[in-house]
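See structure below.
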Amino acid sequence: MDKTWTSAAAAVADIPDGATAAVGGFGLCGIPHDLIQALLAAGVGGLRVISNNCGVDDGGLGVLLAAKRIARMTSSYVGENKEFARQYLAGELEVELVPQGTLAERLRAGGAGIPAFYTPAGVGTAVAEGGLPWRYAADGTVAVASPARETRMFGGAAYVLEESVTADFALVRAAVGDTHGNLVFHSSARNFNPLAAAAGRVAIAEVERLVPAGELDPDAIHLPGAFVQRVVQVADPALKRIEKRTIAPVTTAEAGN
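Residues 1 to 257, numbered by full-length UniProt numbering, are exactly what the sequence shown covers, in order.
Listed below in C-alpha cells is the structure:
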C-alpha cells in the first residue's frame, strides 16, 4: 500500500511521448512544479494536456510549451502566455477551449465513470454549433475545427451535450499526503487538483508534507488514496511563484514612519 516514490523524476519516468495528462493548478496556484520540471528534464514530447491554463511563459506548463513538448491543450484560460498564443496562431499547437465550469465537470465526470452530460453553458454559441478553430494551418486558415455538439431540450431550456475526459496520467500537488495516497489541499490550491487526479488512470501527486498512513483525520481528507497511485515529496515546499504581485501604494504617513 506504500505509494511513495523516491523522486519526481522516478515518478514520471514511464510517461511516454504522446501521452495525455490531466494537470492540476490554476494559474501558478497549486501547480505540480516538481513533476512538470521532471517531465521537462525527461524530454517527453507530443503531450496532450488537459489543464485549466498553460502557466506563464517561464513557469508552470509554460516551460513544457516553450520547449515544444505539448502538442495539444484542452484549457479554459490562456491569456497569460504569449508563447501559447504564438504557437496556436502559427499552427504549431492544437487548442480546445472549454468553458471553465464545463472543463471541471468533464474531468469530474471522467473520474466518476460518467461518459457525458448536458449543460446550458455554450448553448447558442460556437461551443455548441461548432467551428471553433482547434488548429490553424501555416497560411492562417483553419485546419481543424470543433465539431457541432448535440443539443436537447429539458424543461423548456436548451442544453448541449459534453463528453467527459480522462487521461493516461494526472499530475497534481497537495499540501499534505500520506503514504497511502490520501491528500489534503490548502485553500485555493485545491482548485482543479482533485478533479485532475480522479480523471487520470495513473495519478501522481507531489506533496509538500508527507506523513505516515493513519496520521490524517479521515474527515480532513479531500481526495482518498484510491484515486492516487504515486506520491512524491516536493524538493522545496517553500518554492512557490506568485503570478501577479499587487502591492498597495505607500501613503505619505506610512513613508514618514
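Each residue gets a CB set at the ideal place from its N, CA and C atoms; glycine is no exception.
- request: Just the C-alpha distance for residue 181 and residue 156, rounded to the nearest angstrom, thanks.
  value: The residue you call residue 181 lines up with position 181 of the sequence shown. The residue you call residue 156 lines up with position 156 of the sequence shown. Linking residue 181 to residue 156 through their CA atoms gives a straight-line distance of about 44 Å.
field: Local conformation of residue 88 per DSSP, three classes
entry: Here residue 88 refers to the residue found at position 88 of the sequence shown. In the three-state reduction of the DSSP assignment, residue 88 falls in the helix class, which pools H, G and I.
field: Sequence-distant residues of the same chain with beta carbon closer than 8 Å to residue 38, five excluded per side
entry: Counting from 1 along the sequence shown, the entry for residue 38 is found at position 38. Cβ within range, chain order: 7, 8, 9, 11 and 12.
query: Got a sec? Which residues, its chain only, sit under 6 Å from residue 72 by beta carbon, not counting five neighbours each side?
result: For the purposes of this step, residue 72 is taken as the residue at position 72 of the sequence shown. Only 48 and 94 meet the Cβ criterion.
field: For residue 194, the first and last residue of its enclosing beta strand (DSSP E)
entry: Your numbering for residue 194 matches position 194 in the sequence shown. Residue range 193 to 199 is occupied by the alpha helix (DSSP H) that includes residue 194, with no beta strand (DSSP E) assigned at that position.
message: At the level of alpha carbons, what is the spacing between residue 184 and residue 104?
response: In the sequence shown, counting from the first residue as 1, residue 184 sits at position 184. In the sequence shown, counting from the first residue as 1, residue 104 sits at position 104. The alpha-carbon atoms of residue 184 and residue 104 are separated by roughly 19 Å.
query: Where does residue 151 fall in DSSP's three states?
result: Here the question's residue 151 lines up with position 151 in the sequence shown. In this structure, residue 151 counts as strand in the three-state DSSP scheme.
field: Rounded C-alpha distance that separates residue 228 from residue 208
entry: Reading the sequence shown from its first residue, position 228 is the one you call residue 228. Reading the sequence shown from its first residue, position 208 is the one you call residue 208. For the pair residue 228 and residue 208, the Cα-to-Cα distance works out to about 16 Å.
- prompt: Short check: CB of residue 204 to CB of residue 161, under 8 Å?
  reply: Residue 204 sits at position 204 when you count from the first residue of the sequence shown. Residue 161 sits at position 161 when you count from the first residue of the sequence shown. No, Cβ-Cβ distance for residue 204 and residue 161 is not below 8 Å.
query: If you compare alpha carbons, which of 35, 26, 20 and 17 is closest to residue 234?
result: Residue 234 sits at position 234 when you count from the first residue of the sequence shown. If we check each option's Cα against that of residue 234, 35 comes out closest.
query: Which residue or residues does DSSP assign as beta-bridge partners of residue 247?
result: As a position in the sequence shown, residue 247 is number 247, starting the count at 1. Under DSSP, residue 247 shares a beta bridge with no residue.
task: Report the residue ranges of all beta strand (DSSP E) runs contained in full by the stretch 36 to 113; include only those spanning at least 3 residues, in chain order.
output: If we require 3 residues or more, the beta strand (DSSP E) runs fully inside the stretch 36 to 113 come out as 47 to 50, 70 to 75 and 94 to 97.
query: Taking the C-alpha atoms as reference points, what is the distance between residue 216 and residue 175?
result: Position 216 of the sequence shown, counted from the start, is the residue given in the question as residue 216. Position 175 of the sequence shown, counted from the start, is the residue given in the question as residue 175. Residue 216 and residue 175: Cα-Cα distance of roughly 12 Å.
field: Reference residue 52, options 67, 16, 30 and 17, closest by Cα
entry: As a first step, residue 52 is located in the sequence shown; it is residue number 52 there, counting from the start. Looking from the CA of residue 52, the closest CA among 67, 16, 30 and 17 belongs to 30.
- prompt: Rounded to whole angstroms, how far is the Cβ of residue 111 from the Cβ of residue 19, which I believe are closer than 8 Å?
  reply: The residue labelled residue 111 in the question sits at position 111 within the sequence shown. The residue labelled residue 19 in the question sits at position 19 within the sequence shown. By a beta-carbon distance limit of 8 Å, residue 111 does not contact residue 19. Their separation comes to about 18 Å.
- request: Assign residue 230 to buried or exposed, taking buried as 16 or more other Cβ atoms, counted over all protein chains shown, within 10 Å of its Cβ.
  value: The residue given as residue 230 occupies position 230 in the sequence shown. Burial call: buried.
- prompt: Would you report the Cα separation of residue 1 and residue 178, rounded to the nearest angstrom?
  reply: What you label residue 1 is simply residue 1 of the sequence shown in a count that begins at 1. What you label residue 178 is simply residue 178 of the sequence shown in a count that begins at 1. The alpha-carbon atoms of residue 1 and residue 178 are separated by roughly 11 Å.
field: Inter-residue CB distance, residue 159 and residue 166 (contact presumed, cutoff 8 Å)
entry: For this step, residue 159 is matched to residue 159 along the sequence shown. For this step, residue 166 is matched to residue 166 along the sequence shown. Contact between residue 159 and residue 166 does not hold, since their C-beta atoms are separated by about 22 Å, which reaches or exceeds 8 Å.
- prompt: Do residue 226 and residue 107 have their CB atoms nearer than 8 Å?
  reply: Walking along the sequence shown from the start, residue 226 turns up at place 226. Walking along the sequence shown from the start, residue 107 turns up at place 107. Going by C-beta atoms, residue 226 is not nearer than 8 Å to residue 107.
field: Within 8 Å, strictly: CB atoms of residue 32 and residue 24
entry: Your numbering for residue 32 matches position 32 in the sequence shown. Your numbering for residue 24 matches position 24 in the sequence shown. Using a Cβ distance threshold of 8 Å, residue 32 and residue 24 count as a contacting pair.
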